[in-house]
Every structure is written in structure tokens, then in C-alpha cells.
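In this note's numbering, the protein residues as written are 26 to 274.
Below you'll find the structure, written out as C-alpha cells, and then a few comments.
Pasting the structure below:
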């Protein structure tokens, strides 16, 4: 947890000690304690976009009385992230369901750590961010969802589904983990070979670049990052966009 996240957590403890939001921050502290205890791993940071997806899935399970990674509409965790326009290529999900305990957050985290698959997600060195969503149903049963991701690039805005051919797409934000270069590629859907490629230098952890598309149609945007001490580029984000020919295009 960052210093700002600690402040949020302690204020919630003081003013709203039993709220679901306080429980989410408490679980973040427990996650990071487990990561530190088991390998001194990098702490996770809470991300609002991941938390919104986690809360929505917990709410859906509580309302419709099921407990599965794939929801009743057949959407997997990766598909739910894609629908929310969250484009991190490395992600994972943990679920827990707890009722009848005085400290459900503590028991939920202990249960996840005692399960090999869930434990592997909690102790995955690649992950550096998480979204935690906790919901209580009418029977006083708590549903927990943890959405993990590897995030080297923080974008200021969510990716649009459609862009105009004449306007293109501008992306900006900041980088994490000493990233100093960003490489983007434009691909046709399902094709490994790119049709456009551009390298962007990062200055003072900030970046901004504009993408022009060769023609209208459906494209995939692949975004890679490279750290100062690493030679290879790592694929970090991937999303699809529809480019339409506007009136002035």
C-alpha cells in the first residue's frame, strides 16, 4: 500500500469501521502482508477500474446466488475485464465466500492462502495491482472478488471502442517500474504481423502519443514497454478498436 492508501484505510477504520469499503482496504493490507511474509514480494496497489469490475462480479454472485469465475452469462474473468475496456494482458482472479464469522475478511484471506491455486495468484511476482470487491447478500454472506493484474503503464483515460479515421487516437499517462520506452503496434485482427509500429520515449515517467490509422476497419492495438535495465520489450496492453470513416474523412 502506498502512503495515500494507508491514509484512506485508517480514515475508513475510524469513521466507517464496518463498511464494505473498509473491508476491501483491510483485505489489501492482508494481501500485502502475505506477499511480504512469503518471499518479500512487491506490494499490490489498489486500482479503481479493477475494483469496479470486482465489485460488479461479487454483486452479481450475491444477487443471483452462484459462486463461479464464469458468470451466468458465460463471461470469464478475462472477458469481464475486456468488456470494461481494461486491457492488461496479465491478469488473474480469486473468489471467496464467507458467512458466520466475526472477521470474514481475515477468514477469507486465510482460506485463499490455504488453496494452492488462489495462493499462487496472491504470491504471483508479476502482479503489482489489484481490485477488491466485497458484497454482502441478504443472508449476511460475504462475496469476495480479487482481480489481479500486471500494470506497467497507467493511462489517463479508458480506451474507446470506436475512433474516427480523421482524428485517430491519442493516448497519455504515466509509467511504473522504471519503464523508459513504449512501443505500439497496429495489427489486423488475428494477425501477428503489424501494419504500423512506433517507438515512444518516456520522459519523467510521463508519455503522450497519437496513433493514426491507415484506413477504416477493425484493428488491434498492441502496447509494449521496456525498462531501463532490460533489452526486450514486454507486451503489457492489447485492445481492439473500430475505426470509422467520418463525414470529413
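All residues carry an ideal CB built from backbone N, CA and C; glycine is no exception.
Predicted, not measured: the structure shown is a model, and the values here were computed from it.
Item: What did DSSP end up calling residue 82 once you bin it into helix, strand or coil?; Value: helix
Item: Going straight from the alpha carbon of residue 91 to that of residue 223, what length do you get?; Value: 45 Å
Item: Helix, strand or coil for residue 146? Go by DSSP, reduced to three states.; Value: helix
Item: Decide if the region 127 to 142 is in contact with the region 85 to 102; the criterion is three or more beta carbon pairs, one per stretch, under 8 Å apart.; Value: no
Item: Looking only at its chain, what residues have a beta carbon closer than 8 Å to the beta carbon of residue 148, apart from the 5 residues adjacent to it on each side?; Value: 59, 60, 63, 64 and 66
Item: Can you name the residues that DSSP bridges to residue 161?; Value: 167
Item: How is residue 56 classed by DSSP in three states: helix, strand or coil?; Value: helix
Item: Rounded to the nearest angstrom, what separates residue 180 and residue 99 at their Cα positions?; Value: 29 Å
Item: Can residue 232 and residue 193 be called in contact, C-beta distance under 8 Å?; Value: no
Item: If you check the beta carbons only, do residue 174 and residue 152 fall under 8 Å apart?; Value: yes
Item: Looking at the strands, I want to know which residues DSSP matches up with residue 267.; Value: 187 and 243
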